[in-house]
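Residue numbers (numbering that gives the first Met the number 0): 0 to 446. Backbone N, C-alpha and C fix where the C-beta goes; we use that ideal spot for every residue, glycine too.
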Amino acid sequence: MTELEKFNSIWKFKGQRAKQTQEQYENVLFSIWKHHKEEDDDETGFQISCFDKRTIYKVVELALNSGLLIKIKNYSTGHHTRLYQKNLILFDLIFRNAENKYGKWLDLSKTDPETDIIHKLKEEEFNKADISAICSKKLTLKTLKSKKTKSLNYDIVKLKDKSNQMLSHYFQLLQRLNKSVAHNDLKLFKFLYFGKDGLPSGRPYSYFCLTLNPKKSHKKITAELRDVFLTRIGIPDYYEVYDIKSQIPRINYLFHTGEWKDDSYDFYAEIIKDTKMLEETGDAIARGENEYSHYNDSMKQIFMRIYFGKGSVLQAWNGYLKEKLTREKLAEFKNNKEVILDKKNYDWFFAMLDNGEGLDFKLWEIISASTRKICGPSIGNLVFWYAFFIETEVKIELLKRGKKVYNVYDGFYYNEDIKDEIIDILKVKSKYVYTKYMKPIQKKIKE
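Set out below in structure tokens:
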């Protein structure tokens, strides 16, 4: 069977709305093509953001099965971490025709971003979100008795009881913010929800969140640079005026203590000091730099693996070792001299540890204990709910003051220096979120 025959056998639509569905699917497909230019499509592949099984995910699956998309690999677990290449020959054969209305759409989409159907679909799906339905799913007895649920460091039953009021409130605030944006690409999509396991999941994001920070080095430019994006949508004078330092541990600490730590307190550096691993705690050791091969060996990335680990301390350690081995084998395979030189200067496990023995499971256990001691027991993905609540409260307060501020998660963008104003608002709003939405769902943790 030829590629064309395979495509024709799979790319079929049935039912009364077959024609409309086909047109919608093909428009989504062309939107994907638009956002991933041919010159960016090499052996590395590109990612398509679709974290649910609604229209966009269905289109991607059908395009994959019919041969229009080719899956290269998964950079992590889950279908949303797939990397793809485009089957340009097959696509050109079927669609890229001057007489074809979709071919004309392709040309139009290059000059008119408002023709992008994915914007429309995401907005429609977001606006149709049923908060009552999201919150109505009952926790089964099996879920309540599961080891996973019992190990939670918060009361899931109390969270479910508060979820309708809590999510309805922030859904309305998000709609208000979306109505005020300067451009559709700044609208936040995808709301919070409970996953199949009954636990909190989701994190709203915008096209703005998918842009790349020009102040950081990137091995490959597969998305629009942030400053280019801001210029394109008409607000070139916007820049990052403030970012919440070590947001995940800071919010986790807030959950357990009610205290919003000042920026001068560096959670990652404190973990390093507490474990007495290094004489000096430079920022590269605490946070790493994403263009370096050993970025995943920084304390920030180790913290994330421990914090979001779904199993035991040993399982998290084994996961880290597996990833590190794969990474180093890949570097050897590519004979990357930069990686070898980088290892000498950057891999603190071997070059900078006081005892000179490197990282082993015993030290991993010490780091895990220190993480719990300094940041509090992990609340897992729930931390993203609270991050969104706090970010939203800050933006709403600033909007009331006549300032339209946009964010890429923990980074806030505006056209003048309002850092101190944001810090003052954070102190107030973090206390509000703690009192209203954190404290009521706490449970006594056994030490």
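Can you tell me where the alpha helix (DSSP H) with residue i in it begins and where it stops?
i, result
"residue 242", "Unbroken run through residue 242 is the beta strand (DSSP E), 238 to 242; no alpha helix (DSSP H)."
"residue 140", "140 to 144"
"residue 252", "246 to 256"
"residue 58", "54 to 65"
"residue 468", "In this structure the chain extends from 0 to 446, so residue 468 is not present and cannot be described."
"residue 186", "Looking at the DSSP string, residue 186 is not in any alpha helix (DSSP H), and its letter there is neither H nor E."
"residue 447", "Lying outside 0 to 446, the shown extent of the chain, residue 447 is not represented and no answer is given."
"residue 85", "Taken as a continuous stretch (DSSP letters only), residue 85 belongs to no alpha helix (DSSP H), being part of the beta strand (DSSP E) at 81 to 85."
Starting from the Cα of residue i, find the closest Cα among the options and give me that residue.
i, options, result
"residue 420", "442, 242, 323", "242"
"residue 257", "172, 155, 374, 187", "374"
"residue 141", "200, 195, 204, 433", "195"
"residue 213", "186, 238, 232", "238"
"residue 168", "88, 426, 391, 438", "391"
Should residue i and residue j be called a contact, given that it needs their Cβ atoms to be closer than 8 angstroms?
i, j, result
"residue 211", "residue 202", "no"
"residue 92", "residue 3", "yes"
"residue 57", "residue 125", "no"
"residue 83", "residue 250", "no"
"residue 205", "residue 176", "no"
"residue 207", "residue 393", "no"
"residue 85", "residue 68", "yes"
"residue 244", "residue 273", "no"
"residue 155", "residue 138", "yes"
"residue 306", "residue 247", "yes"
"residue 193", "residue 136", "yes"
"residue 172", "residue 395", "yes"
"residue 447", "residue 70", "The first residue shown for the chain is 0 and the last is 446, placing residue 447 beyond what the model contains."
"residue 191", "residue 199", "yes"
"residue 94", "residue 130", "no"
Look at the alpha carbon of residue i and the alpha carbon of residue j, and state the distance between them as a whole number of angstroms.
i, j, result
"residue 370", "residue 302", "7 angstroms"
"residue 346", "residue 323", "Reliability of the predicted coordinates at residue 346 is poor, the pLDDT of 45 falling under 50, and the value obtained from them is presented with this limitation in mind. The straight-line gap from Cα to Cα measures roughly 11 angstroms."
"residue 350", "residue 362", "Bear in mind that the predicted position of residue 350 carries a pLDDT of just 41, short of 50, making it too unreliable to give a figure here."
"residue 65", "residue 423", "54 angstroms"
"residue 283", "residue 26", "Because the pLDDT of residue 283 is 46, which lies under 50, any placement of that residue in the model is unreliable, and the number read from its coordinates should be weighed accordingly. Residue 283 and residue 26: Cα-Cα distance of roughly 44 angstroms."
"residue 340", "residue 319", "Annotation note: pLDDT 40 at residue 340 (below 50); position unreliable, coordinate value reported separately. The straight-line gap from Cα to Cα measures roughly 22 angstroms."
"residue 6", "residue 146", "45 angstroms"
"residue 157", "residue 163", "11 angstroms"
"residue 1", "residue 8", "11 angstroms"
"residue 132", "residue 88", "44 angstroms"
"residue 127", "residue 121", "10 angstroms"
"residue 368", "residue 312", "10 angstroms"
"residue 429", "residue 22", "46 angstroms"
"residue 435", "residue 309", "28 angstroms"
"residue 426", "residue 263", "14 angstroms"
"residue 388", "residue 411", "14 angstroms"
"residue 321", "residue 297", "16 angstroms"
"residue 299", "residue 376", "16 angstroms"
"residue 144", "residue 383", "25 angstroms"
"residue 17", "residue 11", "8 angstroms"
Take residue i and list the residues in its own chain whose beta-carbon comes closer than 8 angstroms to its own, dropping the five residues that flank it on each side.
i, result
"residue 153", "254, 378, 381, 440, 441, 442"
Only counting the same chain, and skipping five residues up and downstream in sequence, which positions put a Cβ closer than 6 angstroms to that of residue i?
i, result
"residue 397", "404"
"residue 183", "118"
With a threshold of 7 angstroms on Cβ separation, who are the neighbours of residue i within its own chain once the five nearest residues in sequence on each side are excluded?
i, result
"residue 413", "237, 240, 402, 404"
"residue 47", "31, 59, 83"
"residue 316", "360, 363"
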